[in-house]
Amino acid sequence: MKGSKYRITAGTTRTKLIRQADGIKIGESSRQDEKKPKLLDQLQQALRSRHYSNRTEQTYRYWVRKFIFFNNVRHPGDMGEEEINAFLTHLAVKEQVSASTQNQALCALLFLYRHVVGREIGDLGNVIRARKPVRLPVVMTRDEVKNVLRQLTGDKLIIACLLYGAGLRLTERLCLRVHDMDFQKNYITVRDGKGSKDRVAMLPASIKEALINHLRKVKIIHENDVKRGYGRVILPDALARKYPNANKEWRWQWVFPQEKLWRNEITGERGRHHIHESIIQRAVKDAVAKSGLTKRATCRTFRHSFATHLLEDGYDIRTVQELLGHKDVKTTMIYTHVLNAGPSGVRSPADTLDLP
Numbered sequence: 000m001k002g003s004k005y006r007i008t009a010g011t012t013r014t015k016l017i018r019q020a021d022g023i024k025i026g027e028s029s030r031q032d033e034k035k036p037k038l039l040d041q042l043q044q045a046l047r048s049r050h051y052s053n054r055t056e057q058t059y060r061y062w063v064r065k066f067i068f069f070n071n072v073r074h075p076g077d078m079g080e081e082e083i084n085a086f087l088t089h090l091a092v093k094e095q096v097s098a099s100t101q102n103q104a105l106c107a108l109l110f111l112y113r114h115v116v117g118r119e120i121g122d123l124g125n126v127i128r129a130r131k132p133v134r135l136p137v138v139m140t141r142d143e144v145k146n147v148l149r150q151l152t153g154d155k156l157i158i159a160c161l162l163y164g165a166g167l168r169l170t171e172r173l174c175l176r177v178h179d180m181d182f183q184k185n186y187i188t189v190r191d192g193k194g195s196k197d198r199v200a201m202l203p204a205s206i207k208e209a210l211i212n213h214l215r216k217v218k219i220i221h222e223n224d225v226k227r228g229y230g231r232v233i234l235p236d237a238l239a240r241k242y243p244n245a246n247k248e249w250r251w252q253w254v255f256p257q258e259k260l261w262r263n264e265i266t267g268e269r270g271r272h273h274i275h276e277s278i279i280q281r282a283v284k285d286a287v288a289k290s291g292l293t294k295r296a297t298c299r300t301f302r303h304s305f306a307t308h309l310l311e312d313g314y315d316i317r318t319v320q321e322l323l324g325h326k327d328v329k330t331t332m333i334y335t336h337v338l339n340a341g342p343s344g345v346r347s348p349a350d351t352l353d354l355p
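The numbering of the sequence shown is numbering that gives the first Met the number 0, which starts it at 0 and goes up by one.
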């Protein structure tokens with residue numbers, strides 16, 4: 000392609016394309032500079048310096064790489080609004096992605112140009128936007144929640160009870176550490192939740208004893224790991240450098256650790272990471288199927304049911320907003336629509352007739 004040092008031929012494989020995309024350096028749009036890091040490495044540095052989450056880093060890298068492939072491995076510095084418009088329009092028209100997915104790709108490209116390429120993006124008014132559908136969340140009744148929970152056992156049951164009883168997101172639940180649990184005041188501290196915010200969630204009294212017994216078993220496993228020279232976990236931010244031995248202290252351990260030891264590729268140390276979210280998602284999916292529930296219920300459905308049932312019980316929406324960790328009350332307001340569509344909403348005129 001004219002204007003680019005990388006050429007795509009009929010024999011070019013995807014592996015070669017990935018190497019080409021990863022190998023683009025930020026100075027190649029004008030002059031080769033071997034000392035400058037690769038484009039995706041610069042993107043990674045920019046994200047980490049601003050404390051973006053690992054998941055956001057992976058997502059942004061994916062969209063930047065996809066953008067480069069779409070434009071035949073041209074350097075982003077040689078492209079601009081026209082290529083971005085074409086890429087976003089392609090996502091909406093050809094790939095038929097959702098509005099949130101298209102917006103995610105746009106955010107990744109805006110970050111790339113603003114913080115890596117060093118250029119602001121101008122007008123994107125010609126881009127075709129994917130339609131954003133308005134959908135109500137799936138909510139289970141109290142009996143349906145009970146039937147699904149009856150199909151779970153062990154730590155998976157405790158996790159599901161906390162998803163419903165405290166309204167936690169799945170990642171928030173799995174990332175809890177021992178010192179986040181306060182059994183005297185009956186609350187849970189959710190640290191670095193969505194939007195990098197901390198908040199306090201309730202600890203359901205119904206599972207308090209089961210959770211205490213679970214932690215007793217986890218502590219025995221941790222103590223045995225320490226005796227064998229393991230028992231270290233990854234600490235947030237720079238705490239590992241500030242407190243070198245804190246990563247093997249009991250209070251920093253995961254509430255729900257993995258069964259098998261995990262090896263840190265950076266330090267070489269072995270320890271236990273928290274349970275992977277796919278394990279809980281699979282367990283909930285199987286429990287929903289066994290319960291005979293026809294709704295498409297997932298781990299997220301427990302959180303939706305938590306909010307809806309609190310509003311049914313008469314709690315004000317501001318309280319529910321704080322418990323869910325929503326930044327805007329408009330996000331919480333969607334559960335009032337679910338209430339209006341349920342048994343506590345408007346009465347059907349057919350119910351006033353004496354029908355056979």
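We put the CB at the ideal spot given by N, CA and C, even for glycine.
Looking only at its chain, what residues have a beta carbon closer than 6 Å to the beta carbon of Asp197, apart from the 5 residues adjacent to it on each side?
Arg190
Would Leu210 be called buried (16 or more neighbouring beta carbons within 10 Å of its own) or exposed?
buried
Specify, as a first and last residue, the run of the alpha helix (DSSP H) that Arg240 falls within.
Leu238 to Lys241
Leaving out the 5 sequence neighbours to the left and right, which residues in its chain are closer than 8 Å to Ala239 when beta-carbon positions are compared?
Ile233, Ala245 and Asn246
Determine the DSSP secondary structure at Val72, reduced to helix, strand or coil.
coil
If you measure between the beta carbons of Met78 and Asn84, is that distance less than 8 Å?
no
Helix, strand or coil for Gly228? Go by DSSP, reduced to three states.
In the structure shown, Gly228 sits in coil (DSSP, three-state: anything other than H, G, I, E or B).
Return the chain-ordered list of same chain residues with a C-beta closer than 6 Å to the C-beta of Gly121, the five sequence neighbours on each side being excluded.
Glu80
In whole angstroms, what is the alpha-carbon distance linking Trp62 and Lys93?
16 Å
Here's the rule I'm using: 16 or more other beta-carbon atoms within 10 Å means buried, otherwise exposed. How should Asp142 be labelled?
exposed
Find the nearest neighbour of Leu202 within the set Gly324, Leu148 and Tyr163, judged by alpha-carbon distance.
Nearest option by C-alpha distance: Tyr163.
Okay, do the region 174-187 and the region 300-310 touch, 3+ Cβ pairs below 8 Å being the bar?
no
Does the distance from the C-beta atom of Ile279 to that of Lys155 stay below 8 Å?
yes
Any idea what DSSP makes of Thr297, helix, strand or coil?
Reduced to three states, the DSSP call for Thr297 is coil.
Can you give me the C-alpha to C-alpha distance between Arg118 and Tyr112, rounded to a whole angstrom?
5 Å
Tell me, please, whether the region 210-221 touches the region 167-182 by the rule of three or more beta-carbon pairs shorter than 8 Å.
yes
Looking only at its chain, what residues have a beta carbon closer than 7 Å to the beta carbon of Gln31, apart from the 5 residues adjacent to it on each side?
In this prediction, Gln31 scores a pLDDT of 47, lower than 50, which makes its location untrustworthy; the coordinate-derived value is nonetheless stated afterwards. There are no such residues.
Once DSSP output is grouped into helix, strand and coil, what is the label at Arg168?
coil
Where does His275 sit, in a helix, a strand or coil, going by DSSP?
coil
Within 10 angstroms of its Cβ, does Ala306 collect 16 or more other Cβ (buried), or is it exposed?
buried
With distances taken Cα to Cα, identify the nearest neighbour of Glu311 among Tyr334, Leu322, His325 and Leu109.
Tyr334
Under the assumption that Leu173 contacts Phe255 (Cβ atoms under 8 Å), give the Cβ distance between them as a whole number of angstroms.
Right, their Cβ atoms sit about 6 Å apart.
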